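Just so you know, we're using my numbering here: the sequence shown kicks off at 4 and counts up by one. Down below is the structure, laid out as structure tokens.
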Amino acid sequence: MSPAALLTGTPLAGRVAVVSGASSGIGAATALRLAELGASVAALARRKDKLEELTASISAAGGTAVAIAVDVTGREAVATAAAQVADRLGTADLVVNNAGVQLISPITDLRQDDWQRQIDLNITGVMNVLGAFLPHLTAAAEAGRPADLITTSSIAATRILEKFSVYSGTKAYISHLTRLLRVELGPRNIRVATIEPGMVDTELPSHVTDPDASALMEGLLTEIDPLRSADVAETVAFIAASPRHVNLTEITILPTAQAV
């Protein structure tokens with residue numbers, strides 16, 4: 004069991020969970036932890052080999068998981084993935100909308116391909132997963148089961164950080180979307196939440212190509228004790244394991260020593 008583990012037993016037994024961006028980092032850790040706690044897990048990402056390693060680990064530990072290779076920026080592909088989840092595991096009642104990319108650079112560099120990639124994955128991808136799996140969540144809630152939509156945002160959604168303009172904008176979209184969705188979905192007994200992590204030791208910072216931003220992140224990782232993916236995964240699990248009438252809507256998770 005991970006040092007981050009707070010929950011015990013199988014409080015998620017009977018749940019069907021979907022985790023996007025599950026091939027590494029927070030997504031992989033979340034899929035592992037939800038399975039440990041009793042959920043059947045559909046792991047979604049582009050990298051099929053990574054997904055198969057993950058689901059093999061879950062199965063070897065006695066859990067239930069399926070790997071579904073999909074690029075969430077394609078609406079029809081995500082709809083097909085949702086149908087596969089229904090066929091193989093049943094109706095999803097726990098959706099962790101986690102896929103994302105971080106490409107930091109000065110706006111004056113005009114890296115428009117990077118801007119578009121972040122918008123496509125961090126916004127369009129999130130909306131595609133929402134569109135494909137909201138019918139699942141609605142059906143689960145109508146059947147009296149817990150239903151959770153949990154999306155990974157970032158502290159960049161609210162912090163004013165130089166060179167983070169487009170990335171921060173995409174995460175601000177997610178955080179505010181969560182507040183708006185609750186107005187419609189809360190009365191339908193669908194819980195909507197966002198997590199806003201600070202510095203996490205994952206592969207995400209390696210995507211940053213700007214030298215100054217890379218140096219900043221590398222410095223933070225060495226100067227402080229950052230979050231681990233398992234820390235964030237445990238928070239996601241806690242949200243989902245809470246009583247059905249309890250909705251933890253926005254949780255900011257920072258390393259204790261991170262000041263910004």
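Virtual Cβ for every residue (Gly too), placed ideally from N, Cα, C. Since the model is a prediction, treat every value here as computed from it, not as a measurement.
Which residues in the same chain have their Cβ closer than 8 angstroms to the Cβ of residue i, if we skip the five residues on either side of it in sequence?
i: L9; result: E237 and F241
i: T13; result: L40 and G41
i: A7; result: R231, A233, D234, A236 and E237
i: L124; result: V75, T76, A102, G103 and V104
i: G93; result: V19 and S43
i: I71; result: A45, A46, L47, L54, A84, Q87 and V88
Between which two residues does the beta strand (DSSP E) holding residue i run?
i: S23; result: V19 to S23
i: A68; result: T67 to A72
i: T33; result: Taken as a continuous stretch (DSSP letters only), T33 belongs to no beta strand (DSSP E), being part of the alpha helix (DSSP H) at G28 to E39.
Going by beta carbon distance, what residues of the same chain come within less than 6 angstroms of residue i, once the five residues before and after it are set aside?
i: E253; result: T197
i: M202; result: L223, P229, P258 and Q261
i: T33; result: V22, V99, A236 and V239
Which same chain residues, not among the five before or five after residue i, have their C-beta less than 7 angstroms away from its C-beta?
i: K53; result: S26 and S27
i: H248; result: none
i: F136; result: V21, A85, A95 and V98
i: T154; result: N100, V129, I177, T181 and T197
i: L251; result: A196, I242 and S245
Would residue i be called buried (16 or more neighbouring beta carbons within 10 Å of its own) or exposed?
i: T58; result: buried
i: K51; result: exposed
i: G189; result: exposed
i: R182; result: exposed
i: I29; result: buried
i: H139; result: buried
i: G36; result: Note that residue 36 is Arg in the sequence shown here, rather than Gly. Classification for R36: buried.
i: G17; result: exposed
i: S62; result: exposed
i: P200; result: buried
Grab the span of the alpha helix (DSSP H) containing residue i for me, first residue to last.
i: V132; result: V129 to E145
i: V239; result: S232 to A244
i: V169; result: S168 to L188
i: D204; result: Counting along the chain, D204 falls outside any alpha helix (DSSP H), and DSSP gives it neither H nor E.
i: A45; result: It is not in any alpha helix (DSSP H) - A45 instead sits in the beta strand (DSSP E) that spans S43 to A48.
Got a sec: does the ligand FMN put a non-hydrogen atom nearer than 6 angstroms to the Cβ of residue i?
i: L113; result: As presented, the structure is devoid of all ligands, the ligand FMN included, so that no description of it is given.
- Message: Count Cβ pairs between the region 41-50 and the region 116-125 that sit closer than 8 angstroms; are there 3 or more?
- Response: no
- Can at least three beta-carbon pairs, one atom from the region 127-135 and one from the region 156-170, be found at a separation below 8 angstroms? no
- 4 or more residues per run - each alpha helix (DSSP H) lying fully within the region 67-109: 78-91
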